[in-house]
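All remarks here apply to the structure that follows.
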Amino acid sequence: MKLYVCWGTFQVPAVRSHPCRDALHALQAAGYEPEVVRTYGFGALPDALNPLRREVKRLTGQSWVPVLLTDDGTAIRESKKIAAWAAAHPAASSGRVGAAD
């Protein structure tokens with residue numbers, strides 16, 4: 001399981017909740033410890049200026065993060081959808097608490 005994020009998963013002072021952080025916390029609350037892949041850059045930049053987001057674009061057709069790549073190869077984008085997936089698929093129900101690969 002991989003979670004593609006921009007540059008960090010920490011709270012930015014004076015900024016609303018950060019989507020990459022929210023996605024990671026939702027996965028952790030569901031018992032997962034995904035591999036965190038930092039893609040840096042900015043999703044609106046041209047592909048040539050976002051070389052670390054090429055995999056995100058290959059998986060989803062766009063360059064925005066967060067994106068969750070599940071163990072079965074499913075790509076889920078947007079923090080709210082990732083949080084909903086995590087709530088519906090807690091790690092404990094699969095017998096893999098803290099699972100990551």
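Under UniProt numbering, the residue at position 94 of the sequence shown is numbered 94, and the numbers go up by one with no gaps.
No residue lacks a Cβ here, since even glycine has one placed at the ideal position from N, Cα and C.
For residue i versus residue j, is the C-beta distance shorter than 8 Å?
i: Ala30; j: Pro90; result: yes
i: Arg58; j: Val5; result: no
i: Thr60; j: Val67; result: yes
What span of residues does the alpha helix (DSSP H) with residue i cover, start to end?
i: Ala84; result: 79-88
Taking the beta carbon of residue i as the centre, do at least 16 other beta carbons fall within 10 Å, making it buried, or is it exposed?
i: Ala14; result: exposed
i: Tyr40; result: exposed
i: Arg53; result: buried
i: Leu45; result: exposed
i: Ser63; result: buried
i: Pro34; result: buried
Along the beta strand (DSSP E) that carries residue i, what are the first and last residues, could you check?
i: Val67; result: 67-69
Express the C-alpha separation of residue j and residue i in angstroms, rounding to a whole number.
i: Gly8; j: Ala88; result: 25 Å
i: Trp85; j: Leu49; result: 31 Å
i: Glu55; j: Ile76; result: 13 Å
Counting only beta-carbon atoms, is residue i nearer than 8 Å to chain D?
i: Glu78; result: Reference to chain D is not applicable here, since this structure consists of a single protein chain.
Could you pull out every unbroken alpha helix (DSSP H) segment of at least 4 residues lying fully inside the stretch 10-53, listed in chain order?
19-29
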